[in-house]
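What follows is a short report on a single structure.
Protein chains: 2
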Amino acid sequence: MDSDRRSLYFRLFNEIGIIAQLSRAMMDARLPDGLITPHFSVLNHLIRVADGRTPLELARAFQVPKTTMTHTLAGLEARGFVAIKPNPEDGRSKCVWLTEAGRRFRDSAIAALDPDMTTLSRLVDGEKVERLIGPLTEIRQILDAQRDPKKPSRDA
Amino acid sequence: MDSDRRSLYFRLFNEIGIIAQLSRAMMDARLPDGLITPHFSVLNHLIRVADGRTPLELARAFQVPKTTMTHTLAGLEARGFVAIKPNPEDGRSKCVWLTEAGRRFRDSAIAALDPDMTTLSRLVDGEKVERLIGPLTEIRQILDAQRDPKKPSRDA
DNA sequence: ACTAAATAGTGCGATATCGTATTAATATCA
DNA sequence: TGATATTAATACGATATCGCACTATTTAGT
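Chains as they are written, first to last, in my numbering: chain A, 1 to 156; chain B, 1001 to 1156.
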């Protein structure tokens, strides 16, 4: 592979890595206590996508190792933001349910993030963001498909 | 801020976060020993951008806290991939220089990553990537500028 | 020159992230 | 049905990441 082509992809991943770091730092700064972006993201996912997901489904959705999701969920459960119950369809598995406190926390977190998001929406054209999401989703899916299918969660 | 607009930015950051995680996992899997993507990225930066940077400059370049960069550099120094010397222009500061071993390691890491990158270049159109980098760089710069200028490294 | 404020790097403790190995339950199949 | 492989979750240990606080040095202001 020639050097120019290679550095193109490195630059892409570098920019994306930095944006991920900056956006996460921005959100972390608005979240209380020991709660950080992954906690909020999981709550948000449970509301936006579907309640009652299994830990493994959540790990896949965020592309983190199972053990990382176990840890994140333990933090949410300790604060009473989710309830983790046995999966009635599979004795090995669990289901993660939002609690009322979890919903309230998610709403208050969004409120806390709102000023930053509003500022951002003034600085970054929404249509430009929409045009980005398509290709980014495509790249995400390709990267996802590249992983060893035997390892759906990277450490299984 | 209305909910649609808000979820647009959340989706952007979510996709970017997942791609960052996947690309990092992909690279980590090809790096030896205890070396991970940040180690490689720093070496790559020293070659591509400029040798002899200070730790703080590197922390800013990657938008990580100073302490994180200290830790990353310690790992590189322990393996003899960089030499950290006093900054002749500032007694508080240091300068990070690549060693020959560092260059060799960077080259071998690139060689190890090459198959993945080649696969990627077949699956993701290079021109599409080029069209992404501009807007992403812009967003990165805006996010960067949004941070409190008093805290150039998030924990200063 | 002297003092006060700012800056560069790091020690330290807390938490996050990850890989490996383990346990329990389920699925496969002879 | 019984043996084997697969799967979901977690315990555990190692390292990464981060914020806070501290030291040494430099810079600014008088």
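Ideal Cβ placement from N, Cα and C applies to all residues, glycine included.
Nothing here was measured: the structure is a model prediction, and the numbers come from that model.
Would you call the region 1093-1103 of chain B and the region 1050-1057 of chain B in contact, with 3 or more CB pairs under 8 Å?
Flag = yes, the region 1093-1103 of chain B and the region 1050-1057 of chain B touch.
Around the C-beta of residue 1141 of chain B, are 16 or more other C-beta atoms found within 10 angstroms, so that it is buried, or is it exposed?
That one is exposed.
Determine which residues of the region 122-147 of chain A have a Cβ less than 8 Å from any Cβ of chain B, and write them out in chain order.
Per Cβ criterion, the list reads 123, 124, 126, 128, 129, 130, 131, 132, 133, 135, 136, 137, 138, 139, 140, 142, 143, 144, 146 and 147.
Assuming the contact rule is C-beta atoms closer than 8 Å, residue 1157 of chain B and residue 136 of chain A should be a hit. Round their C-beta distance to whole Å, please.
No statement about residue 1157 of chain B is possible, as the shown extent of chain B runs from 1001 to 1156 and does not include it.
Could you check whether residue 27 of chain A and residue 13 of chain A sit closer than 8 Å to each other, using their CB atoms as the reference points?
No, the pair does not count as a contact, with Cβ atoms beyond the cut-off.
Locate the beta strand (DSSP E) running through residue 65 of chain A, then write down its first and last residues.
Premise fails: residue 65 of chain A is in no beta strand (DSSP E) and is neither H nor E.
Closer than 8 Å between beta carbons: that is the criterion. Which residues of the region 13-26 of chain A meet it against chain B?
Of all residues in the region 13-26 of chain A, 13, 14, 15, 16, 17, 18, 19, 20, 21, 22, 23, 24, 25 and 26 have a Cβ within less than 8 Å of some Cβ in chain B.
Mark residue 86 of chain A as exposed unless 16 or more other C-beta atoms lie within 10 angstroms of its C-beta, in which case mark it buried.
Burial call: exposed.
Can you have a look at residue 1015 of chain B and say buried or exposed, based on whether 16 or more other CB atoms are within 10 angstroms of its CB?
Per the 10 Å Cβ criterion, buried.
From this set, B/1102, B/1071, B/1070 and B/1089, which residue's C-alpha is nearest residue 1079 of chain B's C-alpha?
For the residues B/1102, B/1071, B/1070 and B/1089, the minimum Cα distance to residue 1079 of chain B belongs to B/1102.
In this structure, how does DSSP classify residue 1075 of chain B when only helix, strand and coil are distinguished?
DSSP places residue 1075 of chain B in helix when its eight states are reduced to three.
Between the region 1059-1074 of chain B and chain A, which residues of the former have a C-beta closer than 8 Å to a C-beta of the latter?
Cβ contacts with chain A: 1062, 1063 and 1064.
With distances taken from CA atoms, which of A/109, A/57, A/10 and A/118 is nearest residue 1038 of chain B?
Among A/109, A/57, A/10 and A/118, the Cα nearest to that of residue 1038 of chain B belongs to A/10.
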